[in-house]
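Numbering (full-length UniProt numbering), first residue to last: 1 to 346.
Read through the structure below, which is laid out as C-alpha coordinates, and then see the notes.
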Amino acid sequence: MRISMPLQYAGDPKASVDRVVELEKAGLDTVWVAEAYGFDSPTLMGYIAARTETVAIGSAILPMYTRTPTLIAMTAAGLDDLSGGRAVLGLGASGPQVVEGFHGVPYTRPLARTRETIEICRRIWAREDRLAYDGSVFQIPLPPEKGTGLGKPLKIINHPRRPDIPVHVASLGVKNVAMTAEIADGWLPHLFIPEKADLVWGEALAEGRAKRDPSLGGLEITAGGLLAIGEDEDTRKLLDLVRPMIALYVGGMGAKGKNFYNTVARRYGYEEEAERIQDLYLDGRKDEAAAAVPEEFVELTNLVGPESYVRERVEAFRAAGVTQLNVTPVGGDPAALVGKVKDWLS
1 MRISMPLQYA GDPKASVDRV VELEKAGLDT VWVAEAYGFD SPTLMGYIAA
51 RTETVAIGSA ILPMYTRTPT LIAMTAAGLD DLSGGRAVLG LGASGPQVVE
101 GFHGVPYTRP LARTRETIEI CRRIWAREDR LAYDGSVFQI PLPPEKGTGL
151 GKPLKIINHP RRPDIPVHVA SLGVKNVAMT AEIADGWLPH LFIPEKADLV
201 WGEALAEGRA KRDPSLGGLE ITAGGLLAIG EDEDTRKLLD LVRPMIALYV
251 GGMGAKGKNF YNTVARRYGY EEEAERIQDL YLDGRKDEAA AAVPEEFVEL
301 TNLVGPESYV RERVEAFRAA GVTQLNVTPV GGDPAALVGK VKDWLS
(Lines of atoms letter the chains of each structure in order from A and count residues from 1; the text may use other names and numbers.)
(Lines give C-alpha, C1' and ligand atoms only; values in the text may rest on other atoms or scores of the structure.)
Protein backbone atom coordinates (compact mmCIF):
# COMPACT_ATOMS: atom_id res chain seq x y z
CA MET A 1 0.00 0.00 0.00
CA ARG A 2 1.34 3.41 -1.03
CA ILE A 3 0.38 6.92 0.06
CA SER A 4 -0.83 9.81 -2.08
CA MET A 5 -2.33 13.26 -1.64
CA PRO A 6 -4.79 15.37 -3.62
CA LEU A 7 -3.50 18.84 -4.44
CA GLN A 8 -6.11 21.44 -3.58
CA TYR A 9 -7.18 23.40 -6.65
CA ALA A 10 -8.14 26.51 -4.70
CA GLY A 11 -5.64 28.86 -3.10
CA ASP A 12 -2.04 29.55 -4.03
CA PRO A 13 -0.72 26.89 -6.45
CA LYS A 14 2.94 27.66 -5.70
CA ALA A 15 2.39 27.28 -1.96
CA SER A 16 0.66 23.95 -2.60
CA VAL A 17 3.63 22.73 -4.63
CA ASP A 18 6.00 23.83 -1.86
CA ARG A 19 4.07 21.45 0.39
CA VAL A 20 4.41 18.64 -2.16
CA VAL A 21 8.19 19.13 -2.16
CA GLU A 22 8.27 18.70 1.64
CA LEU A 23 5.91 15.72 1.59
CA GLU A 24 8.01 14.01 -1.07
CA LYS A 25 10.85 13.97 1.45
CA ALA A 26 8.48 12.41 3.99
CA GLY A 27 7.64 9.55 1.64
CA LEU A 28 4.70 10.75 -0.43
CA ASP A 29 4.36 8.41 -3.42
CA THR A 30 1.86 10.26 -5.62
CA VAL A 31 0.28 13.70 -5.87
CA TRP A 32 -3.06 14.05 -7.65
CA VAL A 33 -3.79 17.37 -9.37
CA ALA A 34 -7.43 18.32 -9.80
CA GLU A 35 -8.88 20.52 -12.50
CA ALA A 36 -12.68 20.77 -12.16
CA TYR A 37 -13.41 24.28 -13.42
CA GLY A 38 -10.32 25.95 -11.98
CA PHE A 39 -6.79 26.20 -13.37
CA ASP A 40 -5.92 23.43 -15.81
CA SER A 41 -4.03 20.56 -14.21
CA PRO A 42 -1.28 19.88 -16.82
CA THR A 43 0.26 23.33 -16.27
CA LEU A 44 0.60 22.68 -12.55
CA MET A 45 1.74 19.10 -13.14
CA GLY A 46 4.60 20.38 -15.28
CA TYR A 47 5.60 22.76 -12.49
CA ILE A 48 5.52 19.90 -9.98
CA ALA A 49 7.70 17.81 -12.29
CA ALA A 50 10.31 20.57 -12.27
CA ARG A 51 10.24 20.91 -8.48
CA THR A 52 10.28 17.23 -7.48
CA GLU A 53 12.34 14.12 -8.12
CA THR A 54 10.50 10.95 -7.14
CA VAL A 55 6.80 11.57 -6.55
CA ALA A 56 4.41 10.32 -9.23
CA ILE A 57 2.27 13.10 -10.70
CA GLY A 58 -1.32 12.25 -11.56
CA SER A 59 -4.20 14.18 -13.03
CA ALA A 60 -7.35 13.73 -10.98
CA ILE A 61 -9.02 14.28 -13.22
CA LEU A 62 -8.64 15.40 -16.81
CA PRO A 63 -12.26 15.76 -17.98
CA MET A 64 -12.40 13.92 -21.29
CA TYR A 65 -14.99 16.14 -22.95
CA THR A 66 -12.63 19.11 -22.79
CA ARG A 67 -9.90 17.57 -24.96
CA THR A 68 -9.51 15.24 -27.91
CA PRO A 69 -8.08 11.79 -27.14
CA THR A 70 -4.97 12.65 -29.14
CA LEU A 71 -4.36 15.81 -27.11
CA ILE A 72 -4.82 13.81 -23.91
CA ALA A 73 -2.24 11.30 -25.14
CA MET A 74 0.19 14.06 -26.18
CA THR A 75 -0.18 15.82 -22.83
CA ALA A 76 0.42 12.65 -20.84
CA ALA A 77 3.42 11.69 -22.98
CA GLY A 78 4.94 15.15 -22.60
CA LEU A 79 4.51 15.15 -18.83
CA ASP A 80 5.88 11.64 -18.60
CA ASP A 81 8.98 12.60 -20.51
CA LEU A 82 9.63 15.81 -18.56
CA SER A 83 9.14 14.05 -15.22
CA GLY A 84 11.33 11.08 -16.05
CA GLY A 85 8.49 8.59 -16.24
CA ARG A 86 6.40 9.80 -13.30
CA ALA A 87 3.14 10.75 -15.02
CA VAL A 88 -0.18 9.10 -14.21
CA LEU A 89 -3.15 9.87 -16.43
CA GLY A 90 -6.29 10.20 -14.34
CA LEU A 91 -9.36 10.48 -16.56
CA GLY A 92 -13.03 11.07 -15.92
CA ALA A 93 -16.22 12.02 -17.67
CA SER A 94 -17.04 14.71 -15.09
CA GLY A 95 -20.75 15.51 -15.29
CA PRO A 96 -23.31 17.44 -17.33
CA GLN A 97 -23.24 20.39 -14.94
CA VAL A 98 -19.59 21.16 -15.70
CA VAL A 99 -19.26 19.74 -19.22
CA GLU A 100 -22.33 21.46 -20.63
CA GLY A 101 -22.46 24.38 -18.21
CA PHE A 102 -18.81 25.47 -18.31
CA HIS A 103 -17.48 23.97 -21.53
CA GLY A 104 -20.60 24.08 -23.69
CA VAL A 105 -20.10 20.53 -24.93
CA PRO A 106 -22.91 17.93 -25.04
CA TYR A 107 -22.55 15.28 -22.34
CA THR A 108 -23.20 12.17 -24.39
CA ARG A 109 -22.05 8.54 -24.33
CA PRO A 110 -19.58 8.80 -21.42
CA LEU A 111 -18.79 5.08 -21.28
CA ALA A 112 -17.98 4.75 -24.97
CA ARG A 113 -15.96 7.97 -24.86
CA THR A 114 -13.92 6.68 -21.92
CA ARG A 115 -13.17 3.32 -23.50
CA GLU A 116 -12.24 4.80 -26.86
CA THR A 117 -10.11 7.56 -25.34
CA ILE A 118 -8.04 5.00 -23.44
CA GLU A 119 -7.65 2.80 -26.52
CA ILE A 120 -6.52 5.75 -28.64
CA CYS A 121 -4.05 6.96 -26.00
CA ARG A 122 -2.44 3.54 -25.74
CA ARG A 123 -2.11 3.26 -29.52
CA ILE A 124 -0.44 6.66 -29.70
CA TRP A 125 2.01 5.85 -26.91
CA ALA A 126 2.87 2.47 -28.44
CA ARG A 127 3.77 4.26 -31.69
CA GLU A 128 3.56 1.05 -33.66
CA ASP A 129 1.85 2.59 -36.67
CA ARG A 130 0.18 5.75 -37.88
CA LEU A 131 -3.00 6.38 -35.93
CA ALA A 132 -6.15 5.06 -37.55
CA TYR A 133 -9.18 4.48 -35.34
CA ASP A 134 -12.77 3.71 -36.26
CA GLY A 135 -14.90 3.89 -33.14
CA SER A 136 -18.48 4.74 -32.34
CA VAL A 137 -17.49 8.13 -30.89
CA PHE A 138 -14.17 8.88 -32.58
CA GLN A 139 -13.06 8.31 -36.16
CA ILE A 140 -9.42 9.19 -36.81
CA PRO A 141 -8.63 10.46 -39.40
CA LEU A 142 -11.97 12.21 -39.77
CA PRO A 143 -13.95 10.60 -42.62
CA PRO A 144 -14.06 12.76 -45.78
CA GLU A 145 -17.82 13.22 -45.55
CA LYS A 146 -17.41 14.83 -42.12
CA GLY A 147 -14.68 17.29 -43.03
CA THR A 148 -12.50 18.48 -45.87
CA GLY A 149 -11.32 15.03 -46.84
CA LEU A 150 -7.70 16.13 -46.38
CA GLY A 151 -7.01 14.31 -43.13
CA LYS A 152 -4.42 11.56 -43.13
CA PRO A 153 -3.11 9.11 -40.53
CA LEU A 154 -0.22 10.46 -38.45
CA LYS A 155 2.15 9.14 -35.81
CA ILE A 156 3.23 11.15 -32.77
CA ILE A 157 6.54 12.83 -33.65
CA ASN A 158 8.23 12.27 -30.29
CA HIS A 159 9.02 8.83 -28.96
CA PRO A 160 7.12 8.50 -25.65
CA ARG A 161 9.30 7.55 -22.73
CA ARG A 162 6.82 4.80 -21.82
CA PRO A 163 4.28 3.07 -24.08
CA ASP A 164 2.24 2.13 -21.02
CA ILE A 165 1.62 5.31 -19.03
CA PRO A 166 -0.73 4.29 -16.21
CA VAL A 167 -4.36 5.23 -16.83
CA HIS A 168 -6.67 5.62 -13.84
CA VAL A 169 -10.38 6.32 -14.20
CA ALA A 170 -12.66 8.20 -11.83
CA SER A 171 -15.95 6.32 -11.97
CA LEU A 172 -18.94 5.74 -9.71
CA GLY A 173 -21.74 4.22 -11.78
CA VAL A 174 -22.00 0.44 -11.97
CA LYS A 175 -21.33 0.16 -15.71
CA ASN A 176 -18.51 2.67 -15.59
CA VAL A 177 -16.85 0.92 -12.64
CA ALA A 178 -17.12 -2.43 -14.44
CA MET A 179 -15.44 -0.92 -17.50
CA THR A 180 -12.76 0.65 -15.30
CA ALA A 181 -11.97 -2.72 -13.74
CA GLU A 182 -11.77 -4.22 -17.22
CA ILE A 183 -9.49 -1.79 -19.05
CA ALA A 184 -7.87 0.74 -16.70
CA ASP A 185 -4.71 0.48 -14.64
CA GLY A 186 -6.41 2.07 -11.67
CA TRP A 187 -9.70 3.27 -10.20
CA LEU A 188 -10.30 6.64 -8.52
CA PRO A 189 -13.54 6.39 -6.51
CA HIS A 190 -14.82 9.39 -4.55
CA LEU A 191 -16.54 9.43 -1.13
CA PHE A 192 -15.26 5.89 -0.58
CA ILE A 193 -16.53 4.05 2.50
CA PRO A 194 -14.45 0.85 2.73
CA GLU A 195 -16.99 -1.03 4.85
CA LYS A 196 -19.73 -0.37 2.29
CA ALA A 197 -17.72 -0.46 -0.95
CA ASP A 198 -18.38 -4.10 -1.74
CA LEU A 199 -22.13 -3.56 -1.31
CA VAL A 200 -22.08 -0.75 -3.87
CA TRP A 201 -19.39 -1.83 -6.34
CA GLY A 202 -18.49 -5.45 -5.59
CA GLU A 203 -20.43 -7.00 -8.47
CA ALA A 204 -19.29 -4.36 -10.95
CA LEU A 205 -15.63 -4.81 -10.01
CA ALA A 206 -15.94 -8.60 -10.29
CA GLU A 207 -17.60 -8.29 -13.70
CA GLY A 208 -14.86 -6.05 -15.02
CA ARG A 209 -12.01 -8.09 -13.57
CA ALA A 210 -13.40 -11.23 -15.22
CA LYS A 211 -12.81 -9.55 -18.62
CA ARG A 212 -9.50 -7.94 -17.70
CA ASP A 213 -6.39 -8.59 -19.78
CA PRO A 214 -3.87 -10.29 -17.43
CA SER A 215 -1.09 -8.17 -18.93
CA LEU A 216 -2.58 -5.13 -17.17
CA GLY A 217 -1.84 -6.60 -13.76
CA GLY A 218 -4.07 -5.98 -10.77
CA LEU A 219 -6.41 -3.01 -10.57
CA GLU A 220 -4.96 -0.20 -8.47
CA ILE A 221 -7.46 1.55 -6.18
CA THR A 222 -6.81 5.01 -4.76
CA ALA A 223 -9.08 6.23 -1.97
CA GLY A 224 -8.96 7.95 1.40
CA GLY A 225 -9.81 11.26 3.06
CA LEU A 226 -8.73 13.71 5.72
CA LEU A 227 -5.83 12.56 7.90
CA ALA A 228 -5.45 13.83 11.46
CA ILE A 229 -4.19 12.13 14.62
CA GLY A 230 -5.10 13.27 18.11
CA GLU A 231 -7.05 12.41 21.23
CA ASP A 232 -8.63 15.81 21.78
CA GLU A 233 -11.98 17.21 20.70
CA ASP A 234 -10.27 19.75 18.45
CA THR A 235 -8.96 16.88 16.33
CA ARG A 236 -12.41 15.37 16.02
CA LYS A 237 -13.86 18.73 15.01
CA LEU A 238 -11.59 18.68 11.98
CA LEU A 239 -14.09 16.30 10.43
CA ASP A 240 -16.42 19.26 10.06
CA LEU A 241 -14.05 20.54 7.36
CA VAL A 242 -15.37 17.94 4.92
CA ARG A 243 -19.07 18.43 5.59
CA PRO A 244 -19.44 21.28 3.05
CA MET A 245 -17.56 19.22 0.45
CA ILE A 246 -19.78 16.17 0.96
CA ALA A 247 -22.86 18.37 0.83
CA LEU A 248 -21.61 19.96 -2.38
CA TYR A 249 -21.18 16.62 -4.11
CA VAL A 250 -24.20 14.80 -2.71
CA GLY A 251 -26.44 17.85 -2.87
CA GLY A 252 -25.18 20.19 -5.55
CA MET A 253 -23.31 18.27 -8.25
CA GLY A 254 -26.19 17.90 -10.65
CA ALA A 255 -29.95 17.96 -10.59
CA LYS A 256 -32.56 15.64 -9.13
CA GLY A 257 -32.02 12.18 -10.61
CA LYS A 258 -28.78 13.32 -12.30
CA ASN A 259 -26.29 13.35 -9.45
CA PHE A 260 -23.86 10.41 -9.40
CA TYR A 261 -22.67 11.18 -5.85
CA ASN A 262 -26.20 11.34 -4.51
CA THR A 263 -26.85 7.94 -6.02
CA VAL A 264 -23.77 6.50 -4.28
CA ALA A 265 -24.91 7.94 -0.93
CA ARG A 266 -28.29 6.29 -1.42
CA ARG A 267 -26.66 2.96 -2.28
CA TYR A 268 -24.59 3.22 0.89
CA GLY A 269 -27.91 3.20 2.76
CA TYR A 270 -28.37 6.94 3.33
CA GLU A 271 -31.49 7.29 1.16
CA GLU A 272 -33.42 9.75 3.31
CA GLU A 273 -30.32 11.72 4.28
CA ALA A 274 -29.19 12.01 0.66
CA GLU A 275 -32.56 13.35 -0.39
CA ARG A 276 -32.60 15.87 2.44
CA ILE A 277 -29.05 17.06 1.68
CA GLN A 278 -29.95 17.55 -1.95
CA ASP A 279 -33.20 19.37 -1.21
CA LEU A 280 -31.46 21.75 1.19
CA TYR A 281 -28.52 22.38 -1.11
CA LEU A 282 -30.60 23.03 -4.20
CA ASP A 283 -32.76 25.37 -2.12
CA GLY A 284 -29.65 27.43 -1.35
CA ARG A 285 -29.45 26.31 2.29
CA LYS A 286 -25.88 25.04 2.06
CA ASP A 287 -25.02 25.27 5.76
CA GLU A 288 -28.06 23.19 6.65
CA ALA A 289 -27.16 20.70 3.93
CA ALA A 290 -23.67 20.32 5.43
CA ALA A 291 -25.14 19.84 8.90
CA ALA A 292 -27.43 17.12 7.50
CA VAL A 293 -24.53 14.91 6.37
CA PRO A 294 -24.66 11.80 8.63
CA GLU A 295 -21.93 11.58 11.25
CA GLU A 296 -21.16 8.02 10.18
CA PHE A 297 -20.69 9.10 6.57
CA VAL A 298 -18.19 11.74 7.66
CA GLU A 299 -16.27 9.38 9.94
CA LEU A 300 -16.03 6.43 7.56
CA THR A 301 -14.80 8.42 4.56
CA ASN A 302 -11.89 9.87 6.56
CA LEU A 303 -9.02 8.96 8.91
CA VAL A 304 -9.34 11.27 11.90
CA GLY A 305 -8.97 10.45 15.59
CA PRO A 306 -6.60 8.76 18.04
CA GLU A 307 -3.64 6.94 16.54
CA SER A 308 -5.06 3.50 17.26
CA TYR A 309 -8.33 4.44 15.54
CA VAL A 310 -6.58 5.92 12.50
CA ARG A 311 -4.55 2.74 12.15
CA GLU A 312 -7.82 0.80 12.17
CA ARG A 313 -9.16 3.04 9.42
CA VAL A 314 -6.01 2.45 7.37
CA GLU A 315 -6.52 -1.30 7.68
CA ALA A 316 -10.19 -0.93 6.72
CA PHE A 317 -9.17 0.76 3.48
CA ARG A 318 -6.54 -1.91 2.88
CA ALA A 319 -9.10 -4.68 3.47
CA ALA A 320 -11.41 -3.05 0.90
CA GLY A 321 -8.70 -3.41 -1.75
CA VAL A 322 -7.26 0.08 -1.65
CA THR A 323 -3.66 -0.01 -2.90
CA GLN A 324 -2.93 3.69 -2.52
CA LEU A 325 -4.18 5.61 0.50
CA ASN A 326 -5.11 9.11 -0.61
CA VAL A 327 -4.92 11.51 2.34
CA THR A 328 -5.21 15.20 3.06
CA PRO A 329 -3.16 15.87 6.22
CA VAL A 330 -4.72 18.49 8.51
CA GLY A 331 -4.41 19.66 12.10
CA GLY A 332 -0.69 19.10 12.52
CA ASP A 333 2.64 18.89 10.72
CA PRO A 334 1.71 17.47 7.27
CA ALA A 335 5.15 15.94 6.69
CA ALA A 336 5.12 14.26 10.11
CA LEU A 337 1.64 12.84 9.49
CA VAL A 338 2.54 11.51 6.06
CA GLY A 339 5.81 10.08 7.40
CA LYS A 340 4.02 8.29 10.23
CA VAL A 341 1.43 6.69 7.97
CA LYS A 342 4.12 5.82 5.44
CA ASP A 343 5.91 3.88 8.20
CA TRP A 344 2.70 1.99 8.93
CA LEU A 345 2.30 1.03 5.28
CA SER A 346 5.88 -0.19 4.86
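The beta carbon of each residue, even a glycine, is placed where N, CA and C say it ideally should be.
Taking a C-beta distance under 7 Å as the contact criterion, residue 318 and residue 1 qualify as a contact pair. Short of 6 Å from the beta carbon of residue 178, and not among the five residues preceding or following it, lie these beta carbons of its own chain, in chain order: 204, 207, 208.
Its chain contains 120, 140 as the residues whose beta carbon lies nearer than 6 Å to that of residue 133, once the 5 sequence neighbours on both sides are disregarded; these appear in chain order. DSSP places residue 179 outside any beta strand (DSSP E); the residue lies instead in the alpha helix (DSSP H), whose first and last residues are 174-183. Selection 45, 69, 25, 115 evaluated against residue 88 yields 45 as nearest (Cα-Cα). Unbroken alpha helix (DSSP H) stretches of 4 residues or longer found wholly inside the region 236-265: 243-247, given in chain order. Residue pairing by DSSP puts residue 133 in a beta bridge opposite 140.
Just so you know, the alpha carbons of residue 288 and residue 224 end up roughly 25 Å apart. Counting C-beta atoms within 10 angstroms of its own C-beta, residue 123 has 16 or more neighbours from the protein chains shown and is therefore classed as buried. The C-alpha of residue 67 lies about 31 Å from the C-alpha of residue 281. In this structure, the straight-line span from the alpha carbon of residue 164 to that of residue 126 is close to 7 Å.
In terms of Cα proximity to residue 137, the closest of 113, 118, 70 is 113.
DSSP links residue 6 through a beta bridge to 32.
Under the three-state reduction of DSSP output, residue 59 falls in the strand class.
By the criterion of a C-beta distance shorter than 6 Å, residue 171 is surrounded in its chain by 177, 180, once the five residues flanking it on both sides are discounted. In this structure, 115 is the residue among 151, 149, 115, 152 with its C-alpha nearest to the C-alpha of residue 135. Beyond the five residues adjoining it in sequence on each side, residue 246 comes within less than 6 Å, by CB distance, of 293 in the same chain, given in chain order. With 16 or more other Cβ atoms inside 10 Å of its own Cβ, residue 95 counts as buried.
Note on residue 297: 16 or more other CB atoms within 10 angstroms of its CB, so buried under the neighbour-count rule.
For residue 329, the pairing in a beta bridge is given by DSSP as 227. Each of 256, 185, 156, 257 was checked against the Cα of residue 77, and the nearest Cα belongs to 156.
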